[in-house]
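One structure below.
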Amino acid sequence: MTAKLYALESSFNQRSKVRVGEAEFGRDFVLIAGPCSVESEAQTLLAARKVKEAGAHLLRGGAFKPRTSPYSFQGLGIKGLKILAKAREAFGLPIVTEVVDPRDAGWISEYADVLQVGARNMQNFSLLREAGKIGKPVLLKRGMNSTLDEWLNCAEYILAEGNPNVILCERGIRTFETYTRNTLDLSIVPAVRELSHLPVIVDPSHGTGRASLVEPMSLAAAAAGADGLMIEVHPDPAAALSDKDQTLSPEAFARLAGRVLRLRDHIRNDEGGGRGNH
Ligand code: PEP
Ligand code: MN
């Protein structure tokens, strides 16, 4: 590395906090949940109600989907963003949604409380600069082939534009293993905490690609010191238009949320903090 990076330290002598609505990344254990894609108003509003009841702090939902095949469902676009805005109004949940094109970042940020930069776009430097200029919190996913150093440098592009509100998200990397969609690299969580002041959350949905593995890896992420989770939830997972194999039912998410929050409380008390984390 050549220059000293804001992502590494500079004036931060403690962990950064990123506030979104009532939740604060870096203080609370933040649960982001919702469908992979916004498919319809009914699907999104039902998902929002269910994840809110289960304790989620933020609603996720893709309106612009970066799909491997151009023939797969690409998302509802602006119609999807309007549905997300309705869900926010109905349930008071801030919205996390992905932006895939720097030209769209400005107007999408009028609907989003957190702009998601996806794994495939981690090193889209013009997108990172735009997201930095807009100033809204940015959820920066780790590229599937990226090292920690590359990832932190991408966070740096956002920070260097004067936007300190960056949340890192581990979502699995490519390895030789094929049983899982990706290999969830949980060792990156304490590694980020060693090097950077930025909050780091984990997405075990994309990290495993299998619904049955999401709860155990969520517990492991919480135990490893993650600042939160992002989980795909659909009212009817089998009918999801994208990522159905890794998507939880609302009931499975409610169970996961309860178990993870109890584990976090236990860990905090064990650390002597006892600060509570909701
Ligand atoms: C997503 O969160 O829906 C997504 C596309 O994730 P990733 O960029 O990690 O593949
Ligand atoms: Mn997905």
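Heads up: the sequence shown runs through residues 1478 to 1755, numbered per the numbering used here.
Note that beta-carbon positions come from the ideal geometry of N, C-alpha and C, so glycine has one too.
Tell me whether residue i counts as near the ligand MN, meaning its Cβ is closer than 7 angstroms to at least one heavy atom of that ligand.
| i | result |
| --- | --- |
| Cys-1631 | no |
| Cys-1513 | yes |
| Glu-1709 | yes |
For residue i, list the residues DSSP reports as bridge partners.
| i | result |
| --- | --- |
| Ile-1650 | Thr-1660 |
| Gln-1593 | Glu-1575 and Leu-1616 |
| Leu-1508 | Leu-1706 |
| Glu-1516 | Glu-1516 is not bridged to any residue. |
| Arg-1537 | Val-1573 |
| Ile-1678 | Cys-1646 |
| Glu-1633 | Partner(s): none; Glu-1633 has no beta bridge. |
| Glu-1501 | Arg-1496 |
Of all the options the options, which has the alpha carbon lying nearest to the alpha carbon of residue i?
| i | options | result |
| --- | --- | --- |
| Phe-1510 | Glu-1654, Leu-1672, Pro-1712 and Glu-1587 | It is Ala, not Phe, that sits at residue 1510 in the sequence shown. Considering only alpha carbons, the answer is Pro-1712. |
| Ala-1589 | Ala-1596, Leu-1718, Arg-1580 and Pro-1571 | Pro-1571 |
| Arg-1739 | Ala-1715, Val-1677 and Ala-1700 | Ala-1700 |
| Gly-1532 | Val-1497, Arg-1745 and Val-1737 | Val-1737 |
| Ala-1731 | Gly-1498, His-1534 and Val-1497 | His-1534 |
| Tyr-1634 | Thr-1657, Gly-1609, Leu-1592 and Glu-1748 | Gly-1609 |
| Ser-1493 | Ser-1546, Pro-1547 and Ile-1644 | Ile-1644 |
| Gln-1593 | Val-1573, Gly-1612 and Asp-1578 | Val-1573 |
| Ala-1698 | Ser-1673, Ala-1596, Ala-1734 and Asp-1720 | Ala-1734 |
| Thr-1657 | Glu-1587, Ala-1688, Leu-1558 and Phe-1550 | Ala-1688 |
| Val-1677 | Thr-1652, Pro-1714 and Arg-1648 | Arg-1648 |
| Leu-1482 | Asp-1747, Lys-1556, Gly-1639 and Arg-1741 | Gly-1639 |
| Thr-1521 | Lys-1618, Val-1495, Leu-1558 and Ile-1585 | Leu-1558 |
| Ile-1585 | Ala-1637, Lys-1613 and Ala-1480 | Lys-1613 |
| His-1674 | Pro-1641, Leu-1663, Arg-1651 and Asp-1662 | Pro-1641 |
| Thr-1660 | Ser-1549, Gly-1620 and Pro-1667 | Gly-1620 |
| Ile-1650 | Glu-1530, Ala-1596 and Leu-1636 | Ala-1596 |
| Val-1615 | Val-1576, Glu-1728, Ala-1567 and Thr-1624 | Val-1576 |
| Ala-1484 | Ala-1715, Val-1497 and Leu-1636 | Leu-1636 |
| Lys-1529 | Ile-1611, Pro-1512, Val-1495 and Phe-1653 | Pro-1512 |
| Val-1669 | Thr-1624, Ser-1549, Phe-1568 and Arg-1741 | Thr-1624 |
| Thr-1545 | Glu-1587, Asp-1720, Asp-1747 and Ile-1744 | Asp-1720 |
For the ligand PEP, I want to know if residue i counts as a neighbour, meaning its beta carbon is within less than 7 angstroms of at least one of the ligand's heavy atoms.
| i | result |
| --- | --- |
| Arg-1597 | yes |
| Lys-1721 | no |
| Pro-1714 | no |
| Pro-1681 | no |
| Glu-1575 | yes |
| Gly-1705 | no |
| Pro-1614 | no |
| Pro-1543 | yes |
| Val-1580 | With the sequence shown as reference, residue 1580 is identified as Arg, and Val is not the correct amino acid for it. Every heavy atom of the ligand PEP is 7 angstroms or more from the Cβ of Arg-1580, so no. |
| Lys-1494 | no |
| Gly-1539 | yes |
Using 8 angstroms as the Cβ pair cut-off and three pairs as the minimum, do the stretch 1689-1706 and the stretch 1501-1512 touch? The stretch 1689-1706 is in contact with the stretch 1501-1512.
- Query: Are at least three pairs of beta-carbons, each pair with one atom in the stretch 1723-1732 and one in the stretch 1694-1701, less than 8 angstroms apart?
  - Reply: no
Would you say the stretch 1604-1612 touches the stretch 1562-1570, given that touching needs at least three Cβ pairs under 8 angstroms? no
query = Do three or more CB pairs link the stretch 1515-1532 to the stretch 1673-1688 at distances below 8 angstroms?
reply = The answer is no - the stretch 1673-1688 does not touch the stretch 1515-1532, with fewer than three Cβ pairs under 8 angstroms.
Practice problem: Decide if the stretch 1593-1603 is in contact with the stretch 1625-1633; the criterion is three or more beta carbon pairs, one per stretch, under 8 angstroms apart. | Solution: yes
key: In chain order, each alpha helix (DSSP H) run of at least 4 residues that lies wholly inside the stretch 1684-1738   = 1688-1700
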